[in-house]
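Novice: Heads up: the sequence shown begins at 57 in the working numbering, then just goes up one per residue.
Virtual Cβ for every residue (Gly too), placed ideally from N, Cα, C.
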Amino acid sequence: MPIARLLTLTCNATEDWMGDDEVLVKVFGTRYGEAYRPMNNHQTWDINLDAPFGTDSRMRIEVWDKDLGWWLDPDDLLGVHYVNASQAGTGQKSAEFNADGASYTLVYEVVA
57 MPIARLLTLT CNATEDWMGD DEVLVKVFGT RYGEAYRPMN NHQTWDINLD APFGTDSRMR
117 IEVWDKDLGW WLDPDDLLGV HYVNASQAGT GQKSAEFNAD GASYTLVYEV VA
């Protein structure tokens, strides 16, 4: 069964105008790891997550900015990327998440 190996997430530009973004990564709609990861421009998060495809041949990955404690600025979906099991063995790939003025790059690979 193939797995998607999420390697790193790099913040090229934050969504928040002042300070860090509070970043969440969701795979199949389920939050990965920590409640959130504070990230600022040019910081990289070594995610190192192996996510199995299960019975699906396509995996939905979301990146969010969790706006903590500020009801006027709800959580922001920074983008969605679909990874296909058919990418197994084709090497590292990257996905861009650019919604709401942010810029993040996810590096991943699909292994059999």
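Candidates Pro58, Leu80, His98, Thr100: which alpha carbon is nearest Gly135's?
Specialist: When each option's Cα is compared against that of Gly135, the closest is Leu80.
Novice: Any idea what DSSP makes of Asp106, helix, strand or coil?
Specialist: Strand, per DSSP.
Novice: Of the residues Glu78, Asp76, Glu118, which one's Cα is nearest the Cα of Leu162?
Specialist: When only C-alpha atoms are compared, the closest one is Glu118.
Novice: Is Ala155 helix, strand or coil by DSSP?
Specialist: Correct three-state label for Ala155: helix.
Novice: Out of Ala158, Ala60, Gly85, which has the shortest C-alpha to C-alpha gap to Ile103?
Specialist: Checked all of Ala158, Ala60, Gly85; the closest Cα to Ile103 is Ala60.
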